[in-house]
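Residues in the sequence shown are numbered consecutively from 1, following our numbering.
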Amino acid sequence: MATQEQVMAALATVDDPEIHKDLVTLGMVRDVSIAEDTVALTVVLTTPACPLKATIQKDVENALLALEGIRNVKLAWDAKPRVSAEQQAIPGVASVVAIGSGKGGVGKSTVTVNLALALAATGARVGILDADIYGPSIPLMLGLEGARPMGQGNTILPIETMGLKVMSMGFMLEKADDPVIWRGPILAGVLRQFLQQVAWGELDYLLVDLPPGTGDIPLTLVQTIPLSGAVVVVTPERVATAIGTKTMRMFQGSNTKAPILGIIENMGAFTCPHCLEPTEIFDGGGGEALANREDVPFLGSLPLDARIRRGSDAGRPVVAEDPESPLARTFADLAGRLAGRVSLEAYRNRRVEVALPMA
Ligand code: ADP
Numbered sequence: 001m002a003t004q005e006q007v008m009a010a011l012a013t014v015d016d017p018e019i020h021k022d023l024v025t026l027g028m029v030r031d032v033s034i035a036e037d038t039v040a041l042t043v044v045l046t047t048p049a050c051p052l053k054a055t056i057q058k059d060v061e062n063a064l065l066a067l068e069g070i071r072n073v074k075l076a077w078d079a080k081p082r083v084s085a086e087q088q089a090i091p092g093v094a095s096v097v098a099i100g101s102g103k104g105g106v107g108k109s110t111v112t113v114n115l116a117l118a119l120a121a122t123g124a125r126v127g128i129l130d131a132d133i134y135g136p137s138i139p140l141m142l143g144l145e146g147a148r149p150m151g152q153g154n155t156i157l158p159i160e161t162m163g164l165k166v167m168s169m170g171f172m173l174e175k176a177d178d179p180v181i182w183r184g185p186i187l188a189g190v191l192r193q194f195l196q197q198v199a200w201g202e203l204d205y206l207l208v209d210l211p212p213g214t215g216d217i218p219l220t221l222v223q224t225i226p227l228s229g230a231v232v233v234v235t236p237e238r239v240a241t242a243i244g245t246k247t248m249r250m251f252q253g254s255n256t257k258a259p260i261l262g263i264i265e266n267m268g269a270f271t272c273p274h275c276l277e278p279t280e281i282f283d284g285g286g287g288e289a290l291a292n293r294e295d296v297p298f299l300g301s302l303p304l305d306a307r308i309r310r311g312s313d314a315g316r317p318v319v320a321e322d323p324e325s326p327l328a329r330t331f332a333d334l335a336g337r338l339a340g341r342v343s344l345e346a347y348r349n350r351r352v353e354v355a356l357p358m359a
């Protein structure tokens with residue numbers, strides 16, 4: 001029978017594929033027990049949305065089954081964002097991810113709601129803060145028009161729907177199409193209130209849907225709290241990608257320094273509603289070319305597809321409406337890559353607690 005030491009030594013040869021450190025050093029192994037020819041253990045991931053679960057499982061099994069006398073591996077999973085309480089910008093919220101774009105109408109809000117739903121589908125606890133103060137479209141996309149958040153003491157309770165916690169400037173307007181005429185300092189104050197006074201509870205991810213461009217709100221956000229990073233949504237035509245560059249510069253600015261977690265290209269190939277064949281309307285690959293040029297990750301491309309628009313207009317985003325569809329799978333892939341980048345950046349900034357190896 002293998003000993004506990006042999007099992008730990010074998011597990012210490014398995015690297016987290018994203019962070020490139022071994023599972024034991026990273027403190028990801030728990031509850032190891034050996035009974036005759038079976039090793040049982042729990043692997044604690046930094047996010048339930050970990051895209052590399054299958055790889056980790058295979059590597060753990062290979063390492064343990066190579067030990068003499070071991071025939072079975074019983075692997076259980078757990079997920080715990082290992083960001084310590086004092087490093088959390090908002091108490092209880094492990095990662096705050098900004099979603100920005102250079103210009104309006106590129107599908108930033110659409111991407112935000114579907115990514116949030118895809119992350120939640122993995123078991124992650126997810127919130128959306130709709131900070132697109134000039135065009136708060138998240139309530140419409142989630143079927144929450146007319147919803148009014150309740151106050152509790154001096155906190156505001158977010159609205160809960162489809163497994164998400166949601167707060168939006170749209171909830172504060174009398175009518176959805178009321179214009180917001182506040183100026184910079186008031187806007188900044190409202191955003192701070194949303195970040196600090198909303199009772200978000202425990203969240204793995206808070207996605208912040210920013211207004212397009214580099215105005216008061218995006219600047220206030222990056223200057224108020226440390227972000228896990230920013231995602232920039234672009235469309236493939238040249239103008240949008242050039243403006244996308246400016247947005248990235250703002251996040252990376254010297255006094256803000258939010259890492260770019262990646263670029264998402266939206267409305268890439270057009271999906272024909274009849275034959276479902278994709279057609280590149282603009283030259284393909286604009287988003288990826290931008291990512292390469294700027295040396296930031298490319299998270300993936302979404303098609304221009306009427307089902308995406310219809311879902312948003314009907315208040316049932318495609319990931320909620322048809323979770324098994326290829327479109328929902330595309331969002332799940334994007335969400336997995338995003339989760340991987342968040343974990344990696346957290347590790348790079350040592351926002352994760354790393355267990356020290358035994359002497
Ligand atoms: P933004 O937040 O960047 O202003 P929205 O998310 O509000 O943009 O999207 C603008 C419009 O485009 C909406 O009507 C939305 O349904 C539609 N849309 C967004 N992405 C797609 C897509 N990939 N395919 C089809 N329609 C889309």
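Glycine included, C-beta positions come from ideal geometry on N, C-alpha and C. Remember, it's a predicted structure, so these values are computed and weren't measured experimentally.
Whose C-beta lies closer than 6 Å to the C-beta of residue i among residues of the same chain, with five residues either side of it excluded?
i    : result
N388 : Here the chain has residues from 1 to 359 only, and residue 388 is not among them.
A332 : A118
V319 : N114, L117, A118, A328, F331
S137 : S109
T42  : R30, D31, A76, D78
T122 : P48, A49
Along the chain, where does the beta strand (DSSP E) that runs through residue i open and close?
i    : result
I308 : No beta strand (DSSP E) contains I308, which is instead part of the alpha helix (DSSP H) from 306-313.
V222 : Element bounds for V222: not the beta strand (DSSP E) but the alpha helix (DSSP H), 216-224.
M162 : Looking at the DSSP string, M162 is not in any beta strand (DSSP E), and its letter there is neither H nor E.
Y205 : 203-209
D78  : 72-79
A2   : Note, A2: premise wrong, no beta strand (DSSP E); not H, not E.
R125 : From DSSP, R125 is part of no beta strand (DSSP E); its letter is neither H nor E.
D31  : 29-35
L299 : 298-301
G69  : Neither: G69 is in no beta strand (DSSP E) and is coded neither H nor E.
V97  : 93-101
Quick one: grab the DSSP three-state call for residue i.
i    : result
M141 : helix
K246 : helix
M172 : helix
L227 : coil
E265 : strand
M8   : helix
R148 : coil
A365 : The requested residue 365 does not occur in the structure, where the chain is confined to residues 1 to 359.
E280 : strand
V14  : coil
I'd like the list of long-range same chain contacts for residue i, defined as Cβ closer than 7 Å, with 5 residues on each side in sequence excluded.
i    : result
G107 : V233, N266, M267
G104 : G135, P212
I243 : G102, K103
V24  : M8, L11, A12, P357
A120 : V126, G163, L164
The alpha helix (DSSP H) spanning residue i covers which residue range?
i    : result
R337 : 326-348
G287 : 286-294
T46  : Taken as a continuous stretch (DSSP letters only), T46 belongs to no alpha helix (DSSP H), as it is neither H nor E.
L65  : 53-65
A120 : 108-121
A320 : 318-321
Find out if the Cβ-Cβ distance for the pair residue i, residue j is shorter than 7 Å.
i    : j    : result
I217 : A131 : yes
L157 : M150 : yes
G336 : L206 : no
I263 : L290 : yes
S200 : V93  : Here residue 200 turns out to be Trp, not Ser, going by the sequence shown. It is a contact, given that the beta carbons lie within the stated cut-off.
A258 : L210 : no
T161 : A339 : no
G315 : G143 : yes
I90  : L195 : yes
A63  : A124 : no
G253 : E345 : no
V208 : L129 : yes
T155 : Q88  : no
Y347 : I56  : no
M250 : T214 : yes
Go through its chain and collect everything with a Cβ distance to residue i's Cβ below 8 Å, but skip five positions before and after it.
i    : result
T38  : I70, R71, N72, V73, K74
R192 : T220, T224
Give a yes or no on whether the minimum CB-CB distance between residue i and chain D is below 7 Å.
i   : result
V73 : Of the protein chains in this structure there is only one, and it is not chain D.
>> Under 8 Å, with one C-beta from each stretch per pair, do the segment 62-81 and the segment 271-278 reach the 3-pair mark?
In response: no
>> Does the segment 324-332 come into contact with the segment 282-297, if we say contact requires no fewer than three beta-carbon pairs (one atom in each stretch) closer than 8 Å?
In response: no
>> Closer than 8 Å is the cut-off here; do at least three beta carbon pairs connect the segment 28-43 with the segment 89-105?
In response: no
> Should the segment 3-21 be regarded as contacting the segment 297-308, the criterion being three or more beta carbon pairs within less than 8 Å?
Replying inline: no
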